[in-house]
Amino acid sequence: MITENISTPVISHKKKLSLTINGEVKTLEVKPWVSLLDCLREHLDLTGTKKGCDHGQCGACTVIVDGKRILSCLTLAVMKDGASITTIEGIGKDGELHPLQKAFIDHDAFQCGYCTPGQICSAIGMIAEGKAKTRTEVKELMSGNLCRCGANTNIIDAIMEVQEGLTNE
Amino acid sequence: MSTMEKNYKPEQPAVGQSISRLEGYEKVTGAARYAGEFNVSDLLYGYVINSTITKGKIISINTEKAEAIPGVVKVFHHKNRPSLAWFSMQYADMDAPPGSPFQPLADHKIKYNGQPIALLVAESFELARYAATLVEITYEQEDFKTDLIANITEARAPKGGLATFLKPPPPKPVGNFEKAYENSPFQASGKFVHGTEHHNPIELFTTTTVYKGKGKVTIYDKTQGTVNCQLYVANVFGLHFKDVRVISPYVGGAFGSGLRPQYQLFFSVLAALELKRNVRVTLDRHQMFTFGHRPPTVQFTRFGASADGKVNALNHEAIAETSRFEDYTEVVVNWSHMLYPAKNTLFKYNLVPLDVFSPLDMRAPGGSTGLHAIESTMDDLAYQMKIDPLEFRLINYAEQDESVGRPYSSKELRQCYLQGAEQFGWNKRNPEPRSMRRGNKLVGYGMATGIWEAMQLPARASATITTEGKLHVNSAVTDIGTGTLTVMSQIAADEMGLHMDDVTFTYGDSKMAFAPIQGGSFTVSSVGSAIKAACNALKKKILKKAKSIGNSPFKRVKIDEVIFADRKMISIDNPAVFISYSDIIAANGHKVIKSVNFAMPKVFKLKKYSRAAHSAAFVEVEVDEELGIINVTRAVTAVAAGKIINPKTARSQILGGMIWSISKALREESITDHRFGKYMNMNIAEYHIPVHADIHDLQVIFVEEKDDIVNELGTKGVGEIGLAAMPPAIANAIFHATGKRVNQFPIHFDTLM
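Each protein sequence line maps, in turn, to chains Z and R.
Just so you know, we're using UniProt numbering here: the first sequence kicks off at 1 and counts up by one.
Just so you know, we're using UniProt numbering here: the second sequence kicks off at 1 and counts up by one.
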């Protein structure tokens, strides 16, 4: 009985959806149970977005959807039909690195690099939210993005440099 | 390759410069591809099914419902496993402890909770994960034991084996400890309890196996040893060594978890060979708790000191968990006598085999466990004697390693103490516990000493002058985020007198020159020395070629009469006599000049010395007086680790170790429910590691330390030493703040209330 119910997604059909990813319109067909994260990584070969837990605990899968940072592992791709999505691959413009990407390199704000795309996307989203002014507030609002290598101080240094640069402009 | 660092000064030696990671561009743009990101065509997805019981037998596996779903390809389990390697030894990898390595799907026996017992392969990841839930398994359960504390009386001596080469047993007793301790006017003792920890790199363990035809595979694996995995796969699946290629260009953290081949590798290769398809197996976060871990350990210390402040009796005993099939050991109790020259010692290290998976080296294995007990007991003694804890360390400073009676190849620990204390402002400390406050917070200062052995293993490197007159170097070594690519490129550039942008270093491929597993802080010393050896041999080949040119001005020149600088070989006597690398290549018929060489530790010279990196950590904590909440507000770690090749990446290694220290002392622990024999917090919401908001002011000092003995480069490694001193310094600072000495890690606020 239960088995029959939960096996429903298996026989369900692919849904057609349209996503604007890094400025490019992509039309694709995916089953409703495909997360936005797996859609990016497995269906669109955009592997810059990382899977660290698949449960919204680590932040490695953070992408920007319609200007807001979200966890792509907790989002089904079909929920975002018509949305505009920016991934780490689309952060830089015209071959130029985004200031945060540069700052991350300068401050050695990563070691293994696996949490890095999520940290950068999350920081872009956080700066856009405009709530964090001080270093303490930035640390608090970046705390959904775990770093196991222990690059934390360098990550916050990089973000502060960019945030302060924006405020001073 | 990224654009060169703006601070890089090509006119100066690259070694010693703070150069940004060469792979930085790839890592910040998402271009870096990790093991699970090679999207080869025709890919199948495997999902592992784990045992839900702790010990017993599988009675039945029913795969009918799962295999009825279109898109499900096959379920592999012990009943349909193809014939594989017969002997236990064939499953032993380079890091296998004494015993019989775990063999996935070998039979119906369950040895631990979470044991992988089947692999479901399907056309998509979602389908594999879902269909795995439809596989019906029945078990017969048996009694089991997983509780170290409850079974502590079963402790026994560990079995010896090859591993004891890198992990020596405790030193033999010296003098008469019991008598000396009894007669000591000052005595301190403690029982220290550490829980289980899991490495939890953010990247999940993944293998993508590309089927290359009969008996041939190319494997993208998450590992700290490409050659180690190549060896394992060849042995287990009976393939030719050269038909197995393991590639790990980027590794999303490992911290020891990749030192041994993990089970996703076995399953991915098994399925690929059987199905003749490309197969990816990715573990989920829950499954990241179903292989190696830092073992829970109980330690007992008794230190005695004489009236003049000298420690004269040291007793340190440890009892650690291991599995029933392998005797995993760590060096826990060998450190105190390396640091403090007592005349009477007694050290013991024993194991309790339990129904768990074998433990596995995790950042600063053994050292970060043992030093907590040693340095907190030292702190306790200092308070009893009313001597400043730093002064107490200086009174007991070991000029040589008394545990083996040998001098240190170099030891600038005194400078670590002094420079660390100065930077931290240790002199502002009021010696009385509970004497310093900030509002409703108790403030405490604590310090501790760190030590980690400086090792070198045999390694090989290949060095080539390319047709463009540039240098290419390669090694099978991985870069797990430590900065290996950058550091090796720096070493190579200086050896051949080249700019960094004229050097390429490729790595992370078992086809390349042999490298040992990447761990133990020995990678720079091992692979760096191999690069030096290969470059030295290359220089001789260049000179030989130069001599062969008609009318060569180098005809009578010897290798010690030339230098290699500015992309040329130059005569020392007459700098006007030189030949550029491009001209050498032209003279060689536009063919490359290559040399592949081994570097071995100079065992006979080295055995006269002890070799170790040292550190001193100084920590300030705030403890909320009512709520007990602990905050590490600032910390300084001063490190003496020989030559620092790249201060920028080395500093990050130490910072990482310091954040791991906060995690170890205050956060992380896998908690077992011993009624079920399983971990209860198998996810990274409930397995706590520090978040950005937990991390405050951290400072790193590298103390100047010259070492001509330890290896050709004078390096000691920095991967572990950042996690050696700071956990006890945190515990000591909490004592200073609150007057309570808590010897159980992690320290939770409820113990302070």
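Quick reminder that beta carbons are idealized off the backbone N, C-alpha and C, glycines included.
| query | result |
| --- | --- |
| Short CB-CB distance (under 9 Å) between LYS9/R and chain Z | no |
| Start-to-end residues for the beta strand (DSSP E) that takes in SER610/R | Run containing SER610/R: none; DSSP gives neither H nor E here. |
| The segment 506–515 of chain R / the segment 571–583 of chain R touching (three or more Cβ pairs under 8 Å) | no |
| Beta carbon proximity, THR75/Z to chain R, threshold 9 Å | no |
| Nearest to SER72/Z (by Cα), restricted to the options SER35/Z, MET142/Z, GLY150/Z | SER35/Z |
| SER268/R in three-state terms, based on DSSP | helix |
| Presumed contact (8 Å Cβ cut-off) between GLU704/R and GLU412/R, rounded CB distance | 7 Å |
| Contact set between SER143/Z and chain R, taken where Cβ atoms lie within less than 7 Å | VAL691, HIS692, ALA693 |
| Where the alpha helix (DSSP H) through LEU259/R begins and ends | Taken as a continuous stretch (DSSP letters only), LEU259/R belongs to no alpha helix (DSSP H), as it is neither H nor E. |
| Three-state class that DSSP yields for VAL718/R in the structure shown | coil |
| Beta carbon proximity, TYR130/R to chain Z, threshold 9 Å | yes |
| Span separating the alpha-carbon of LEU105/R from that of GLY589/R | 56 Å |
| Contact belief for THR87/Z with THR49/Z at Cβ below 8 Å, rounded distance in angstroms | 5 Å |
| Best match in THR715/R, THR751/R, ASN711/R for proximity to residue 758/R [C-alpha to C-alpha] | The requested residue 758/R is not part of the displayed model; chain R covers only 1 to 753. |
| Where GLU4/Z falls, given that 16 or more other Cβ within 10 Å makes a residue buried | The pLDDT assigned to GLU4/Z is 47, lower than 50, so where the model puts this residue is not dependable; a value taken from the coordinates is nonetheless given after this. Classification of GLU4/Z: exposed, given that the 10 Å Cβ count is below 16. |
| C-beta neighbour in chain R for ASN5/Z, strict 9 Å | No answer about ASN5/Z holds up, because its pLDDT of 49 lies below 50 and its placement is not dependable. |
| Check whether VAL236/R and LEU84/R have beta carbons under 9 Å apart | yes |
| Closest residue to ALA211/R among VAL279/R, TYR397/R, MET447/R (Cα-Cα distance) | First, the residue type needs correcting, since residue 211/R is Tyr and not Ala in the sequence shown. Considering only alpha carbons, the answer is VAL279/R. |
| For ASP361/R, three-class secondary structure by DSSP | coil |
| Where PHE505/R falls: helix, strand or coil (DSSP) | strand |
| CB contact below 9 Å: ASP450/R versus chain Z | The displayed chain sequence assigns Gly, not Asp, to residue 450/R. No - not a single Cβ of chain Z is within 9 Å of the one on GLY450/R. |
| Outcome for LYS51/Z when other beta-carbon atoms lying within 10 angstroms are tallied against a minimum of 16 | buried |
| CB contact check: VAL138/Z to chain R, cutoff 9 Å | yes |
| Where THR297/R sits in the DSSP three-state scheme | strand |
| Straight-line Cα distance separating GLN456/R from THR649/R | 20 Å |
| Span of the beta strand (DSSP E), counted from its first residue to its last, around LYS74/R | 72–77 |
| DSSP-derived helix/strand/coil call for PRO116/R | strand |
| At least 3 beta-carbon pairs within less than 8 Å: the segment 97–104 of chain R vs the segment 36–43 of chain R | no |
| THR153/Z vs LEU655/R beta-carbon contact at 9 Å | yes |
| Neighbourhood of LYS499/R by C-beta, 6 Å cutoff - its chain only, sequence neighbours within 5 removed | Here residue 499/R turns out to be His, not Lys, going by the sequence shown. Answer for HIS499/R: PRO10, listed in chain order. |
| GLU4/Z, DSSP secondary structure in three states | Only weak support is given to the placement of GLU4/Z: the predicted model assigns it a pLDDT of 47, under 50, and the question is left unresolved by the model. |
| Beta-carbon neighbours of ASN683/R, restricted to chain Z and to distances below 9 Å | CYS53, HIS55, GLN57 |
| Counterpart residues of ARG460/R in DSSP-defined beta bridges | PHE598/R |
| Contact with chain Z by MET1/R, beta-carbon distance below 9 Å | At MET1/R, the pLDDT of 37 sits below 50, so the modelled position is not reliable; the number obtained from the coordinates is stated separately. Taking Cβ atoms only, chain Z never reaches closer than 9 Å to MET1/R, which makes this a no. |
| Between the CA atoms of VAL710/R and CYS115/Z - distance to the nearest angstrom | 35 Å |
| Short CB-CB distance (under 9 Å) between GLY48/Z and chain R | yes |
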